[in-house]
Every structure is written in C-alpha cells, then in structure tokens.
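Quick note on numbering: full-length UniProt numbering labels position 221 of the sequence shown as 221, and the sequence is numbered without any gaps. For each residue, glycine too, the CB sits at the ideal point set by N, CA and C.
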Amino acid sequence: MRVSFKVFKRMKMYLLILYEFCCIVSFVFFSMNCRKRGESVTLMESLRTAASYDQVVKKRAGDMKSKETPFRFFSNYVKKCLIQCALDHIKVTTGRRDAIVLDLASGRGGDLGKWLHCQSPELSFATAKLPRERLTKAAYVECYDVSPECIAEAESRYKKIAPDTVCRCSFTVKDCFSEDFLLRELPLTQHFGKFDIVSIQFAFHYACDTLERIDMLLGAIAKALAPEGVFIATTVDEEVLAKRVAANRMESKGLFSIHFDSEPQFEYDRLVVGTRYRFNLYGFVDCDEYVVPLDYVRDCAKQHGLEEMVKFSKHFGSFYETYKDDPSKNKERYLVGGEMELATLYRSLCFRKAS
1 MRVSFKVFKR MKMYLLILYE FCCIVSFVFF SMNCRKRGES VTLMESLRTA ASYDQVVKKR
61 AGDMKSKETP FRFFSNYVKK CLIQCALDHI KVTTGRRDAI VLDLASGRGG DLGKWLHCQS
121 PELSFATAKL PRERLTKAAY VECYDVSPEC IAEAESRYKK IAPDTVCRCS FTVKDCFSED
181 FLLRELPLTQ HFGKFDIVSI QFAFHYACDT LERIDMLLGA IAKALAPEGV FIATTVDEEV
241 LAKRVAANRM ESKGLFSIHF DSEPQFEYDR LVVGTRYRFN LYGFVDCDEY VVPLDYVRDC
301 AKQHGLEEMV KFSKHFGSFY ETYKDDPSKN KERYLVGGEM ELATLYRSLC FRKAS
C-alpha cells in the first residue's frame, strides 16, 4: 500500500505529539510518587532540562559542525585528559584490563568515542602494537540521562561505532540526580560497587540545588565505585562565576549568557549556596544551573572516602596552558574572545576512592 508524503508527515507529527504526551505523563506520575515519599525532586526543573536537551537534539540533528568549534574541541581535549588519567590510575593501582564505566547525564553520546578508543598506556607509535591483555580500556559503559531524545541519539551513535569495538554500552532514561535513582535504583544495578570510573561531564551543577543532594550524589558515587575507582567531572567554577557576576560580566554576545531571576546574594566573595541562574549557550544549552560550592564538595567527598587527585582537579585555564603550546593537540583551534571567556568559566573535578 502506497502512502502519500503528506499523509506520512501527518502521521509522523501525530506520533511525535503522542510521544511527548507520554513523556509528560511519565514525569507527572514520577512527581506524584516522589511527593508520597517526601522526596525533594523538582519535577518542573527535570522536565525543563529534558525538554531543553531534546530541542537541542532536534535542532542539531545531522549537524556535525559543532564539534569543530574551538571551545568544543578544547572541552573534548579536557575530557580526554580526565579519561586518560582515570584509565592510567586503574591500570597502575589495580592492573585491571577491563574498566567498567558509569556515565551520569551522558547526553547525546558525544563522549562514546573517547570511552571506546582511549586506553592505558595512551595510544602512541610505541604502544600501537601492544596486545589487548597489556592494555586497560573501557569494556562496559552504562549511560543514564533525563532526556529521551539524547538517549536515543546516543544509542544510535553507538550502533554506528559498535562493529569496530568490543566495548558494550547500555542506555537508560533516568533523572540520575534524583533521590529515587541514587538511593533505590542505582544500588540494584549489576555493576554497583564495581565501577572503575564514574563520569559527570558538564552536568554536576544541575545537582547542586541543595547541600543534601550533593551529599546524596557523592555518597552514591563512592558506593558505586570499586576500590581505587575514579570519579571525574567538569562543571562551573564557582570562584570565576562569582567574580564575573560581581563585575557584571555575564554575557558574550552571540555565544553565551547568564541570567538571575532576582538579585544574586553573596556570602563574603562567593555566591550563596543553592543560588540558581539560567545559563544559555546559544544553540546548545538553555537550562537552570546551580552554584557549585567547591569547598563543601571537597569536604563531602572526603567524608565519603573520596580523595582529590589535585593534578587533574583544576581550572580549565590550567589545561589550556598545555593545550595551546601543542599543535598536535589543538590542531590550530585556539580560544579567543568569547570562547576563552566561556572555557575559563569551567573547571574539572577528579577524585579516587581509597582502597
């Protein structure tokens, strides 16, 4: 039976509307269950975050140019450094060949290639012919994200890469910073307590609405990790953010902007814990974020048995000092103007679980 193009488009539109309606209904029931348990998950914020990233996927479907921008290229370099650090640590301290990875807020799958191809020792002319048994590589990557569209795209990316790798991946739609996930669902997963690496890239700030949620997240990460496992993250640097807010430097025209619903409050030279702001990275992100209280994160991590690896837990500017002087790394994609302003808004976090 032949179907006209107009009928096909109409059917596609109806299916999309039905899909989005089902997503909303699911979030509503999730919220009702949360309230019954007294959980402090904010439904509308989770819904807005998911919807924002869903729209990004739709707008940028088939567009690969974004990876070529200097900021994206540099941020990928930073993430590769963190992944390499984690794999090297696992190899040296445990000798395990097959690393198991938990990727929270995994997004559209932009890091899949890094997980599938990075290795320890790092790939080079000297190590290219080493047998697999002498390498430490990701063997399983467990991905969670609140956005159905992002998970669908990530799974699609993996299927294209899968024939060339032995690494297995799973993809699940979850609000991975919710109490329900961290305290009830994650502990029941197959690899809980056995993960070699936990990664949260450019999303840790979504979990900083309260000190209680930060504590809950870091506690869950510590329990999820195997001894000598590594937690890596990239997030907003609270010190840089506070300085820019104080100086009213919250926008780079055509690139990004930061907005507050009300006058931001300071405690000494830092923004008050729980301060919410709206971050817009044009064409990529338009979401509410929260100030990351770094001192509290460090203290809380320590209480949960996570020791900071200071060599890789640092401001993005430190990474750039190495990056800018190495053409083999930067490929002549240097940060200037607004992109430098954007990149230096961020920092990395790196912790190991004491054995």
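- Counting C-beta atoms within 10 angstroms of its own C-beta, ASP145 has 16 or more neighbours from the protein chains shown and is therefore classed as buried.
- The three-state reading of DSSP puts ARG97 in coil, since its state is none of H, G, I, E or B.
- In the DSSP assignment, CYS150 falls within the alpha helix (DSSP H) that extends over 148-161.
- By DSSP's assignment, ARG244 forms no beta bridge with any residue.
- When the alpha-carbon of ILE100 is set against those of ASP295, ASP269, ASP209 and CYS169, the nearest one is in CYS169.
- Excluding five sequence positions before and after TYR277, the CB atoms of its chain that fall closer than 7 Å to its own CB belong to ILE258, HIS259, PHE260 and GLU289, given in chain order.
- CA-CA distance, HIS117 to LEU123, rounds to 9 Å.
- For SER348, the closest C-alpha among the options VAL285, VAL236, ILE161 and THR189 is that of VAL236.
- If you look at ASP215, you'll find it in the alpha helix (DSSP H) that goes 211-224.
- Excluding sequence positions up to five before and after ARG333, its CB lies within less than 6 Å of the CB of PRO70 and PHE73, all in the same chain and listed in chain order.
- Ranked by Cα distance from HIS205, the options GLY229, THR275 and LEU186 are led by THR275.
- Distances from the alpha-carbon of ILE90 to those of ALA105, ASP269 and ARG134 put ARG134 closest.
- Annotation: GLN190 is outside any beta strand (DSSP E) and is labelled neither H nor E by DSSP.
- The shortest C-alpha to C-alpha distance from GLN190 to any of LYS79, ALA224 and TYR77 is the one to ALA224.
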